[in-house]
Amino acid sequence: MSNSAYSVVTTGVWGRRMAGVVVIGYALITLAPLLWIFMTGFKTPSDAISYPPKVFFEPSLEGYVNLFTTRTRQTPEYMASLSPPETWYEELVRSREMVIAGPSKFSERFLNSVIIGFGSTFLSVFLGTLAAYGFSRFKVPLADDLLFFILSTRMMPPIAVAIPIFLMYRRLGLSDTHLGMILLYTAVNISLAVWLLKGFVDEIPREYEEAAMIDGYSRFQAFFKVVLPQMSTGIAATAIFCLIFAWNEYAFALLLTSGTAQTAPPFIPTIIGEGGLDWPAVAAGATLFLLPVLVFTILLRRHLLRGITFGAVRK
Amino acid sequence: MSDSPMDRLAARAAGATPDPVARRVRGLSDRAIAWIFITPTILLLLFINIFPLLWTIFLSFTNYRANRIARGWEFIGLRNYQRVLTDEDIWYTLQVTAHFLCWTMVLQILIGFGLAWLINRQFRSHSLFTTLILLPMMLSPAVVGNFWTFLYQPQIGLFNYVVSFFTGVDPSSFQMIGDVQLAPWAIIIVDTWMWSPYVMLICLAGLRSIPDYLYEAAEVDRASPWRQFWHITVPMVLPFLMLAVLFRAIENFKMFDLVVELTSGGPGSVTELASINLKREAFEKWRTGYSSAFALILFVTIFGAANIYVKALNAVKNR
């Protein structure tokens, strides 16, 4: 302690090493369930439910095949009467005494997630950018109240919002439609978009636009040619946050969609095989569904803090 | 409006330039542009947030049932509110929510702050591991929650196996989800796994905002590391930590997706959080009026508590 080089700010070598060991240990524990999802996707159903849990196993694509197909069990006589399988996945299914009856609904649901996710992201970022610029640059009467009101829409439990929306959509014919879900997710995301983007606009000095306007640009031209390019990183980060929210959302999708517009989150847990949940297929679906978000999170890591606090904390 | 730097600049530009150019600089008035930019957002919120909210308020005074439109409805005044507040199931559900909320907050504060404090020592490759730790919180709670039911399986689940590996307890002797005693902890564990990184990330920002000279001054004054921790680190991080708790508490009070997929409120109703109960009332029993009243009570509770909390947060920040 009497060592004058000692400082809390730069911890000693041993303190640092201990910290490293603990944090790395925690990281490994926290990643284990995710790794397990990934591994289960490549197990056969019997490997997936073996005891003790298998860490080493022979990888199989059965989970993925089951995820994308529906199958029916057939009698041995019928199986023998079939012509030899044409593809590897037919062969795999037939080795289980089943034939492929058709494609499953997974790709449809996945596509719904993509359409609704991107549609609502585009809309909320578009509206959010305009509103953020408006709030940041002009004196809007009651601006603080409006901004707080926009934020407070996030405090409603989703189920509470779903009750009137359910009735309203039923009357307007928007239940179980892509448009209905896009509008709903946009309304939920707009609070995040406005708050985040306002932070990004606030960081661009007003002098840039003012200089452009003295040079003869109109307010609109200044906005499009000077402010928007400066905001591009912020807009991209905001878009990813909106996309991840829409992608992950479950409560509204569960209550307001059932068929044509159902997204993947309410669908994946319902993937049933013979005798209960088909865990490798569920894990395969989860892997495909979670992977894009993992990639986006890593891309986003510098803006993560800002996004999850509605722009309240910036680094 | 006339004293904003914008207007002064525009006025100066107008004075220095010929008339047609000056008009082009002004274009649409600022006020018009502001409204053009903001109105679409306000309209969308009116359509999807305000109008439904008003409708909920209206429904809460009726005995409307959404599955029987033909039957009609009538005003029953405050009776829904009276029923909600005297319903024992509702109080039980709020107790379950409070238990979940308290324990997830305590565990996430401890783990989140602890991790941030360790990461702040900047060991080798700390930023890589920070990113890895953050991954769970961005994932779909429903999909992840559903998969945790697999990890919690008594015979084959990884969780039970790991517990038995370290404690020697027979892995098939306990059921995290099926047991009345353990199920509330099963949802707390998954929520903590998922959201401790959130608290960590915000605390880390707090720790990094502490200027080095505070510690250097404390060192000169020969303050012990213990005193430095309690008199510099904790007070400086507190506003950040409180903000993290605010966001987490709001989210966990509304918690639905993760727990529905994990336990769907069971066994019995020991994990039936307020949102899950609300879903039952509104979309299974179809007591639309009653559940509207409950929804509004929940909203007002969150809104009121958050407002009081933000006042406390500002007091801490401005200390």
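In order, the protein sequences belong to chains A and B. With this note's numbering, the residue at position 152 of the first sequence is 1009, and numbering never jumps. With this note's numbering, the residue at position 251 of the second sequence is 239, and numbering never jumps. The beta carbon of each residue, even a glycine, is placed where N, CA and C say it ideally should be.
Same chain only: Cβ atoms within 6 Å of A/Ser993, ignoring 5 sequence neighbours per side: Lys1055, Val1058, Asp1059.
Do we get a CB-CB distance below 8 Å when we pair B/Ile165 with the residues of chain A? Chain A, which has no Cβ nearer than 8 Å to the Cβ of B/Ile165, makes this no.
Partners in chain A for B/Met126, counting only beta-carbon separations shorter than 7 Å: By Cβ distance, chain A contributes Ile1101, Val1150, Thr1154.
Chain-ordered chain A contacts of B/Gln143 [CB-CB under 7 Å]: Chain-order list of chain A residues neighbouring B/Gln143: Tyr908, by C-beta distance under 7 Å.
Assign B/Phe63 to one of three DSSP states: helix, strand, or coil. Assignment of B/Phe63 by DSSP, reduced to helix, strand and coil, places it in the strand class.
Short Cβ contact (8 Å threshold) for B/Asn265 with B/Asp77: In this structure, B/Asn265 places its C-beta atom within 8 Å of the C-beta atom of B/Asp77.
Is it buried or exposed for B/Phe35, if we count other Cβ within 10 angstroms and need 16 for buried? Its Cβ having fewer than 16 others within 10 Å, B/Phe35 is exposed.
Is B/Val13 close to chain A, meaning its C-beta is less than 8 Å from at least one C-beta of that chain? Per-residue confidence for B/Val13 stands at a pLDDT of 46, beneath the threshold of 50, marking its modelled position as unreliable; the derived number appears in the next sentence. Answer yes: the Cβ-Cβ gap between B/Val13 and chain A drops below 8 Å somewhere.
Any beta carbon of chain A sitting closer than 8 Å to that of B/Val151? At a cut-off of 8 Å between beta carbons, B/Val151 makes no contact with chain A.
Counting only Cβ-Cβ distances shorter than 7 Å, please list the residues of the stretch 166 to 192 of chain B near chain D, keeping chain order. The structure shown contains no chain D; its protein chains are A and B.
What three-state label does DSSP hand A/Val956 in the structure shown? DSSP places A/Val956 in strand when its eight states are reduced to three.
Looking at chain B, is there any beta carbon in it that lies within less than 8 Å of the beta carbon of A/Gly1091? Chain B contact via Cβ: absent.
Grab me the residues of B/Gly133's own chain with a C-beta within less than 8 Å of its C-beta, minus the 5 sequence neighbours each way, in chain order. Excluding residues within five positions, the ones whose Cβ falls inside 8 Å are Val178, Asp245, Leu246, Val247, Val248, Glu249, Leu250.
Assign B/Leu33 to one of three DSSP states: helix, strand, or coil. Here B/Leu33 sits in helix by DSSP.
Kindly say whether B/Leu223, judged by its beta-carbon, lies nearer than 8 Å to any beta-carbon of chain A. The question names Leu, but residue 223 of chain B in the sequence shown is Pro. No, no contact with chain A.
If you draw a straight line from the alpha carbon of A/Arg1159 to that of A/Ser938, how long is it in whole angstroms? Our two residues, A/Arg1159 and A/Ser938, have alpha carbons roughly 60 Å apart in a direct line.
Amino acids of chain A, ordered along the chain, whose beta-carbon sits closer than 8 Å to that of B/Trp43: Those within 8 Å of B/Trp43 in chain A are Pro1021, Leu1024, Met1025.
Please tell me whether A/Gly798 has its Cβ less than 8 Å away from any Cβ of chain B. Residue 798 of chain A lies beyond the stretch modelled for chain A, which goes from 858 to 1172, so this question has no answer here.
Per DSSP, what kind of secondary structure is B/Arg19 in: helix, strand or coil? B/Arg19: helix per DSSP, three-state reduction.
What whole-angstrom Cβ distance do B/Ser280 and B/Ser48 have, given they're in contact under 8 Å? With a contact defined as Cβ atoms closer than 8 Å, B/Ser280 and B/Ser48 qualify at about 4 Å.
Compare the C-beta of A/Thr1114 with all C-beta atoms of chain B and state if any pair is closer than 8 Å. Not closer than 8 Å to any Cβ of chain B, the Cβ of A/Thr1114 fails to qualify, so no.
What's the gap between the Cα of A/Thr1166 and the Cα of A/Leu1031? Taking the straight line from one Cα to the other gives about 32 Å.
Identity of the residue in B/Leu195, B/Met243, B/Leu202 nearest B/Pro227 by Cα: Checking every option, the nearest Cα to that of B/Pro227 belongs to B/Leu195.
What are the residues of the stretch 960 to 993 of chain A that lie near chain B, defined by any Cβ-Cβ distance shorter than 8 Å? Here the close residues are Leu984, Gly985, Leu987, Ala988, Tyr990, Gly991, Phe992.
What are the complete alpha helix (DSSP H) segments, minimum 4 residues, inside the stretch 219 to 292 of chain B? Fully enclosed alpha helix (DSSP H) runs of 4 or longer: 222 to 241, 245 to 250, 262 to 271.
Should B/Phe244 be flagged as near chain A, meaning a C-beta pair shorter than 8 Å? Cβ-Cβ to chain A under 8 Å: yes for B/Phe244.
In or out: B/His114 buried (at least 16 other Cβ within 10 Å) or exposed? With 16 or more other CB atoms across the displayed protein chains lying within 10 angstroms of its CB, B/His114 is buried.
Using only CA atoms, which one of B/Leu231, B/Leu170, B/Met230, B/Tyr149 lies nearest to B/Val258? Residue B/Leu170 is the option with its Cα nearest to B/Val258.
Quick check: what's the CA-CA separation for B/Phe101 versus A/Ile973? Their Cα atoms are separated by approximately 36 Å.
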